[in-house]
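Please read the structure below before turning to the comments.
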């Protein structure tokens with residue numbers, strides 16, 4: 001052991017400090033001398049990369065300091081085991097880095113020695129797992145009836161089921177069944193469930209693994225794991241090999257000028273080799289899933305490998321209703337619960353989201369004995385926004401939130417081409433002080449008109465405008481921060497991607513490739529769109545200030561207001577256009 005003086009300066013060593021000529025020695029000679037107890041004093045100067053030491057015979061020596069684990073181990077043990085006086089002159093800048101180096105180096109050495117002792121002769125000192133974690137199930141009970149809301153994807157995969165059931169029919173005609181199918185789509189849309197259903201319908205073994213389980217920091221292990229998977233598949237054919245998150249190993253391989261990843265490249269090369277190695281009568285179908293098809297290597301997608309590329313989309317309203325029916329089979333639903341209504345209000349929900357919603361409702365119904373519409377509504381709000389906050393809010397804050405949410409709701413009800421106002425709440429949930437829920441009028445997700453996007457901007461600005469109307473410009477709050485983020489994103493998309501700007505033109509371009517001059521035009525157009533929308537919102541709220549006050553009072557009294565109440569209030573407005581529910 002050694003100690004560092006409080007001044008961070010080494011005390012003078014009379015043997016080394018007097019003027020003299022040091023004899024150059026190799027570092028190995030220094031280490032050997034310490035181990036043989038021929039060294040008395042050591043002065044280590046890492047910032048000069050030098051080790052000064054005196055031997056028992058009085059010789060003064062210097063060696064080049066090389067950062068090696070063996071050297072650090074000798075230095076650390078020198079005082080205790082070899083009776084050496086070690087001095088290290090620290091500066092304030094050096095102390096942190098030196099201690100970190102000491103600690104890490106010694107920890108690594110200790111770990112290596114321990115691992116090698118435990119592994120035994122011929123063992124695996126780092127306990128590297130050379131095999132991938134595989135899940136093979138011989139009897140899958142999932143069927144196509146369990147997979148709802150993605151009928152188009154099911155239809156495309158039925159031919160794989162027919163092949164695995166009766167392959168001889170295809171062999172006779174000379175037809176080649178697809179070697180692989182790539183399922184693409186957002187998370188939670190049912191890609192894994194669909195793959196299991198294919199195995200269940202075909203009554204064949206199902207081998208499941210994740211793409212990330214093939215990747216290791218040691219080159220070659222990933223390729224070996226791929227071989228292990230397909231060796232297991234050949235022993236159990238006919239079967240299905242399912243690789244989830246294939247983008248973990250299937251990214252585009254290194255090209256000239258791009259950083260290389262030898263392990264990933266070798267792994268994907270081995271996967272391609274294995275799939276090419278199937279003969280025409282092989283009864284192995286590889287199904288992979290990803291939500292990042294844009295980054296996959298082109299070689300994976302060519303004919304003969306993943307021949308079928310199937311998009312698994314979010315379910316429409318009919319699909320959501322069927323999915324809800326599946327998840328409601330073993331649940332006690334009240335008479336007032338309408339799965340159709342739940343399906344209508346959950347636009348954009350995936351199958352996993354709907355399953356989570358019904359499970360949340362079931363949890364909340366334990367004390368009640370059955371799932372009621374109110375329980376479903378509370379579960380929906382918890383899933384979408386978050387749990388209710390237990391914090392008691394002041395009357396002043398409650399009034400301000402009521403004005404804010406009333407502004408959103410009133411503008412939403414007055415927009416001729418916008419979603420239906422379903423519920424307004426000033427109960428704090430998650431990070432939100434209040435929330436206004438809208439129910440889409442159609443299921444045209446991703447296909448919006450210019451008028452709809454402008455309405456969306458106006459509704460988002462309604463809360464801030466209501467605050468300004470009643471409190472003044474200088475007393476508005478930060479409550480509209482997330483609204484402004486949404487407004488900016490929509491306006492930017494309209495200008496840059498949708499071609500909705502007459503100034504910038506009909507373009508769809510990444511802003512990274514736009515000139516500074518054009519970017520100024522884009523920013524000016526975004527500001528123009530937002531300013532015009534805000535001016536219109538303020539005009540509507542001023543003309544309906546009494547209705548806004550009335551809705552605010554109802555919210556303060558009831559905390560939650562149905563959309564019907566909002567539409568009844570705006571029905572008597574004289575500001576066109578007015579859309580009735």
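In full-length UniProt numbering, the protein residues as written are 1 to 581.
Glycine residues also receive a C-beta, built at the ideal position from the N, C-alpha and C atoms.
Since this is a predicted model, take the numbers as computed values, not measurements.
Between which residues of its own chain and residue 569 is the CB-CB distance below 7 Å, once the five residues before and five after are set aside?
Reading the chain shown from its first residue, position 569 is the one you call residue 569. These residues qualify, in order along the chain: 547, 550 and 551.
Put residue 251 into one of helix, strand or coil per three-state DSSP.
The residue you call residue 251 lines up with position 251 of the chain shown. Strand.
Going by beta carbon distance, what residues of the same chain come within less than 7 Å of residue 602, once the five residues before and after it are set aside?
Residue 602 falls outside the range modelled here, since the chain spans only 1 to 581, and no answer is possible.
Based on the DSSP secondary-structure assignment, which residues constitute the bridge partners of residue 311?
As a working note, residue 311 is residue 311 in the chain shown. Answer is 184, bridged to residue 311.
Count the other CB atoms within 10 Å of the CB of residue 545; is the residue buried (16 or more) or exposed (fewer)?
The residue you call residue 545 lines up with position 545 of the chain shown. Exposed.
Please classify residue 455 as buried or exposed, where buried requires at least 16 neighbouring CB atoms within 10 angstroms.
Locating residue 455 in the chain shown gives position 455, where the first residue counts as 1. Result: buried.
Give the range of the beta strand (DSSP E) segment to which residue 422 is assigned.
The residue given as residue 422 occupies position 422 in the chain shown. Per DSSP, the continuous beta strand (DSSP E) segment holding residue 422 begins and ends at 420-425.
Can you give the Cα-Cα distance for residue 186 and residue 424, rounded to whole angstroms?
Locating residue 186 in the chain shown gives position 186, counting from the first residue. Locating residue 424 in the chain shown gives position 424, counting from the first residue. C-alpha separation (whole angstroms): 29 Å.
4-residue-minimum alpha helix (DSSP H) runs that sit fully inside the stretch 323-364, ordered along the chain
For the stretch 323-364, whole alpha helix (DSSP H) runs of length 4 or above, ordered along the chain, are 339-345 and 351-364.
Three-state secondary structure (DSSP) at residue 275?
Here residue 275 refers to the residue found at position 275 of the chain shown. The answer is helix: DSSP assigns residue 275 an H, G or I state.
With a threshold of 16 other CB atoms inside 10 Å of the CB of residue 42, please say whether the residue is buried or exposed.
Along the chain shown, one-based indexing puts residue 42 at 42. By the 10 Å Cβ count, residue 42 comes out buried.
Answer with buried or exposed for residue 140, where buried requires no fewer than 16 other C-beta atoms within 10 angstroms of its C-beta.
Residue mapping note: residue 140 aligns to position 140 of the chain shown, counting from 1. By the neighbour-count criterion, in which 16 or more other beta carbons inside 10 Å mark a residue as buried, residue 140 falls on the buried side.
Residues bridged to residue 55 (per DSSP):
Position 55 of the chain shown, counted from the first residue, corresponds to residue 55. Paired residues: 39.
Exposed or buried, which one is residue 315 when buried takes at least 16 other CB atoms within 10 Å?
If you number the chain shown from 1, residue 315 lands on position 315. Buried is the call here.
By how many angstroms is the C-alpha of residue 419 removed from the C-alpha of residue 524?
Counted from its first residue, the chain shown places residue 524 at position 524. Counted from its first residue, the chain shown places residue 419 at position 419. Computed Cα separation, rounded: 28 Å.
Residue 453 to residue 462 span [Cα, whole Å]:
As a first step, residue 453 must be located in the chain shown, where it is residue number 453. As a first step, residue 462 must be located in the chain shown, where it is residue number 462. Each residue's alpha carbon lies about 14 Å from the other.
Let me make sure I understand the geometry here. Which of 543, 226 and 291 has the alpha-carbon closest to that of residue 264?
Position 264 of the chain shown holds residue 264. Closest option to residue 264, judged by alpha-carbon separation, among 543, 226 and 291: 226.
Coil, strand or helix - residue 569 by DSSP:
Residue 569 sits at position 569 when you count from the first residue of the chain shown. Residue state, collapsed to three classes: helix.
Assess, as a yes-or-no matter, whether the stretch 392-405 is touched by the stretch 374-381 under the definition of 3 or more beta carbon pairs within less than 8 Å.
Touching, no.
Select from 52, 26, 506 and 405 the residue whose C-alpha is nearest the C-alpha of residue 561.
Residue numbering aside, residue 561 sits at position 561 when the chain shown is read from its first letter. Check the Cα spacing between residue 561 and each of 52, 26, 506 and 405: the tightest is with 405.
Residue 344 to residue 353 span [Cα, whole Å]:
As a position in the chain shown, residue 344 is number 344, starting the count at 1. As a position in the chain shown, residue 353 is number 353, starting the count at 1. Distance from the CA atom of residue 344 to the CA atom of residue 353, rounded to whole angstroms, is 14 Å.
From the DSSP secondary-structure annotation, give me the bridge partner or partners of residue 62.
The count along the chain shown starts at 1 and reaches residue 62 at position 62. Checking the DSSP bridge columns, you'll see residue 62 partnered with 24 and 52.
Considering Cα atoms alone, identify which of 148, 402, 503 and 443 is closest to residue 588.
An answer regarding residue 588 cannot be provided, because it is not within the stretch 1 to 581 covered by the chain.
For the structure I just gave you, are there three or more beta carbon pairs, one from the stretch 243-251 and one from the stretch 287-295, closer than 8 Å?
Yes, they touch.
Does DSSP put residue 432 in a helix, in a strand, or in coil?
Position 432 of the chain shown, counting from 1, holds the residue named residue 432. Collapsing the DSSP output to three states places residue 432 in a strand.
Residue range of the alpha helix (DSSP H) that residue 498 falls in?
Residue numbering aside, residue 498 sits at position 498 when the chain shown is read from its first letter. Neither: residue 498 is in no alpha helix (DSSP H) and is coded neither H nor E.
Considering Cα atoms alone, identify which of 135, 296 and 276 is closest to residue 205.
Along the chain shown, read from residue 1 onward, the residue named residue 205 stands at position 205. Nearest option by C-alpha distance: 135.
According to DSSP, simplified to helix, strand and coil, what is residue 409?
Here residue 409 refers to the residue found at position 409 of the chain shown. Residue state, collapsed to three classes: helix.
State the CB to CB distance for the pair residue 522 and residue 495, rounded to an integer number of angstroms; the pair is presumed to be in contact (CB under 8 Å).
For the purposes of this step, residue 522 is taken as the residue at position 522 of the chain shown. For the purposes of this step, residue 495 is taken as the residue at position 495 of the chain shown. At roughly 5 Å, the Cβ-Cβ gap stays under 8 Å, so residue 522 and residue 495 are in contact.
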